[in-house]
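Taken in order, the sequence shown gives residues 83 to 460; the numbers are from the numbering used here.
The block underneath contains the structure these notes are about, expressed in structure tokens.
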Amino acid sequence: MAKDAIRVQYSGFVIFAAKIISVATGLAFQYMIARSTNPQEYGVWFNVNDVLAYFTILAGIMPFWAMRFVARNERGAAKTGVLANLAISIAATLIYLPLLPLITSALDVREYISIYMIITAQIIELHLLNAFEANLRAKKPQTLGYGLIIEEAIKVLLGSLLIFGRILSPLEGAVISLTLAIAAQIIYYLKLHVEDLKQNVNWAYIKEWVKGSIANIYNVLGNQIAAFIFIMLFTYGGETARSNFGAAFQIANIITYSSFLAFALYPKLLAEKSSSDITTSIKTVLMFAIPMTAGALTLPDIYLTILKPEYRTAWPVLMVLAVDSFVVTISTLYSFVLYGFDRLDEEAKIPFRELVKSRLFIAFSLPYIHSAITIPLT
Numbered sequence: 083m084a085k086d087a088i089r090v091q092y093s094g095f096v097i098f099a100a101k102i103i104s105v106a107t108g109l110a111f112q113y114m115i116a117r118s119t120n121p122q123e124y125g126v127w128f129n130v131n132d133v134l135a136y137f138t139i140l141a142g143i144m145p146f147w148a149m150r151f152v153a154r155n156e157r158g159a160a161k162t163g164v165l166a167n168l169a170i171s172i173a174a175t176l177i178y179l180p181l182l183p184l185i186t187s188a189l190d191v192r193e194y195i196s197i198y199m200i201i202t203a204q205i206i207e208l209h210l211l212n213a214f215e216a217n218l219r220a221k222k223p224q225t226l227g228y229g230l231i232i233e234e235a236i237k238v239l240l241g242s243l244l245i246f247g248r249i250l251s252p253l254e255g256a257v258i259s260l261t262l263a264i265a266a267q268i269i270y271y272l273k274l275h276v277e278d279l280k281q282n283v284n285w286a287y288i289k290e291w292v293k294g295s296i297a298n299i300y301n302v303l304g305n306q307i308a309a310f311i312f313i314m315l316f317t318y319g320g321e322t323a324r325s326n327f328g329a330a331f332q333i334a335n336i337i338t339y340s341s342f343l344a345f346a347l348y349p350k351l352l353a354e355k356s357s358s359d360i361t362t363s364i365k366t367v368l369m370f371a372i373p374m375t376a377g378a379l380t381l382p383d384i385y386l387t388i389l390k391p392e393y394r395t396a397w398p399v400l401m402v403l404a405v406d407s408f409v410v411t412i413s414t415l416y417s418f419v420l421y422g423f424d425r426l427d428e429e430a431k432i433p434f435r436e437l438v439k440s441r442l443f444i445a446f447s448l449p450y451i452h453s454a455i456t457i458p459l460t
């Protein structure tokens, strides 16, 4: 990857534009699934992704540190990060497959075991995707926008053929379309990594990342504990409750896309230690986040009807999630600044004692506060 200076606003608008395009393609894809399934099947579609999240729980740990090393031009960091994540994905797959019968039995979805089997490929894909995107974010963040457009276009094209064409069952068509679309995205990213993959692996980096990963695992476990409310919702509320929540979330989550306008700020701060872009990034994000939130609060029932009239009753859920998404957007923006200014690993070393005392570790503790509030209330 070239070492050109990162243009924060240009990269941000490219990625944001790609995300907005993905709103249309994403809604089209969800429309295909929602219109072709009953509420119970639609709930299974979301639950498949909930389960997948537990087996990609480590996918972002090594890339978190790899991106920081790549941004600071540590030679071999990109290739080392990709291979490390590939190894983790293989281990996760070997754990998932034997547990699959138990998972489908516990969730009482044994008749859909083929769907849960197909997503096995996504375990490996998502680990590779995280590694490639972390490296590209450090040097060429705008390429993530191009990759997203490729993935979305192929997903919708295949979805229209496999779902509406009735070549496969709606759920099988959806999962296979998404799996192949991610594969195409990975191939594009692989092409951009040709020069980096020619470099030597630096095993010393992995040693440092493993030390740092303790803090990441601490953070990820906190996030997954918080996400347990979705499993509770599916278990106690049934497929219909999960599908209503999922439909509302699809709309509200669009608000968080505004944070991508500052997506390149984090690597820029790592590489150049300059705060000149922070104020501009904050203003730009708020310029989009505020009206997007207002729109969701004003016309929640109309947006849900776009997916399917049955989901119109979930409008109160959408209003709450819209406010939550705005808060998440602001939190994400400030995390970019916090992570970008932290110099813990500036010398390609991660001292564990310093890590525990760092601002990074404090930020990593926030999901536990979130869990302490949401799980008892649920």
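Note that beta-carbon positions come from the ideal geometry of N, C-alpha and C, so glycine has one too.
Keep in mind that this is a model prediction, so the values were computed, not measured.
For a test of the three-state rule: what should DSSP assign to Asn155, helix, strand or coil? Correct three-state label for Asn155: coil.
Compare the Cα-Cα distances from Leu239 to each of Lys280, Val133 and Leu260 and report the closest residue. Checked all of Lys280, Val133 and Leu260; the closest Cα to Leu239 is Leu260.
Please report the distance separating the alpha-carbon of Phe128 from that of Gly328. Near 7 Å, if we compare the C-alpha coordinates of Gly328 and Phe128.
Is it buried or exposed for Pro391, if we count other Cβ within 10 angstroms and need 16 for buried? Residue burial annotation: Pro391 is exposed, with fewer than 16 other C-beta atoms found within 10 angstroms of its C-beta.
Would you check whether the ligand GTP has a heavy atom nearer than 7 Å to the C-beta of Thr119? For the ligand GTP, the structure offers nothing, since it holds no ligand at all.
Give the straight-line distance between the Cα atoms of Ser118 and Pro382, rounded to the nearest whole angstrom. Per the coordinates, the alpha-carbon of Ser118 lies some 23 Å from the alpha-carbon of Pro382.
Residue environment, Leu376, which counts as buried when at least 16 other CB atoms sit within 10 Å: Looking at the sequence shown, residue 376 is not Leu but Ala. Note on Ala376: under 16 other CB atoms within 10 angstroms of its CB, so exposed under the neighbour-count rule.
Could you check whether the Cβ of Met369 sits closer than 8 Å to any Cβ belonging to chain B? No chain B appears in this structure, which consists of one protein chain only.
DSSP three-state label for Gly461, please. Residue numbering for the chain in the displayed model covers 83 to 460; residue 461 lies beyond these limits and cannot be assessed.
Please go through the same chain and pick out, in chain order, the residues whose beta-carbon is closer than 7 Å to the beta-carbon of Ala263, but skip the five residues on each side of it. Cβ contact annotation for Ala263 (same chain, cutoff 7 Å, sequence separation greater than five): Glu233, Ile236, Lys237 and Leu240, in chain order.
I'd like the span of the alpha helix (DSSP H) that includes Asn217, first residue to last. Asn217 -> alpha helix (DSSP H) spans Thr202 to Lys221.
Is it buried or exposed for Leu176, if we count other Cβ within 10 angstroms and need 16 for buried? Leu176 should be labelled exposed.
Over what stretch of residues does the alpha helix (DSSP H) that includes Leu347 continue unbroken? In the DSSP annotation of this structure, the continuous segment of the alpha helix (DSSP H) that includes Leu347 starts and ends at Leu347 to Glu354.
For the alpha helix (DSSP H) that Ser417 lies in, which residues bound it at each end? Trp397 to Phe423 is the extent of the alpha helix (DSSP H) around Ser417.
Within the segment 132-196, ranges of the alpha helix (DSSP H) (whole runs, at least 4 residues): Inside the segment 132-196, DSSP marks whole alpha helix (DSSP H) runs of 4 or more residues at positions 143-153 and 159-188, from first to last along the chain.
Give me the Cα-Cα distance between Pro145 and Ala159, rounded to the nearest whole angstrom. Straight-line Cα distance between these residues: approximately 10 Å.
For a test of the three-state rule: what should DSSP assign to Pro373, helix, strand or coil? Residue state, collapsed to three classes: helix.
How should Met314 be labelled, buried or exposed, when 16 other C-beta atoms within 10 angstroms of its C-beta is the threshold for buried? When all chains shown are included, Met314 counts as exposed.
Please return the same chain residues whose Cβ sits closer than 7 Å to the Cβ of Ser417, not counting the five positions on each side in sequence. Setting aside the 5 residues that flank it on each side, Ser417 is surrounded in the same chain by Ala445, each with a C-beta closer than 7 Å to its C-beta; the list follows chain order.
Ignore the nearest five residues each way along the sequence and tell me which others in Ile200's own chain have a CB closer than 6 Å to its CB. Apart from sequence neighbours up to five positions away, the residues of its chain that approach Ile200 with a beta-carbon distance below 6 Å are Val257, ordered along the chain.
N- and C-terminal bounds of the alpha helix (DSSP H) containing Gly247: Unbroken run through Gly247: none, as it is neither H nor E.
Among residues of its own chain, excluding the 5 on either side of Ser363, which ones have a beta-carbon nearer than 6 Å to its beta-carbon? The residues Ala344 and Leu347, in chain order, have a CB closer than 6 Å to that of Ser363 in the same chain once the five nearest residues on each side in sequence are set aside.
Minimum C-alpha distance to Ala169 - residue among Tyr228, Ala106, Leu368 and Glu207: Answer by Cα proximity: Glu207.
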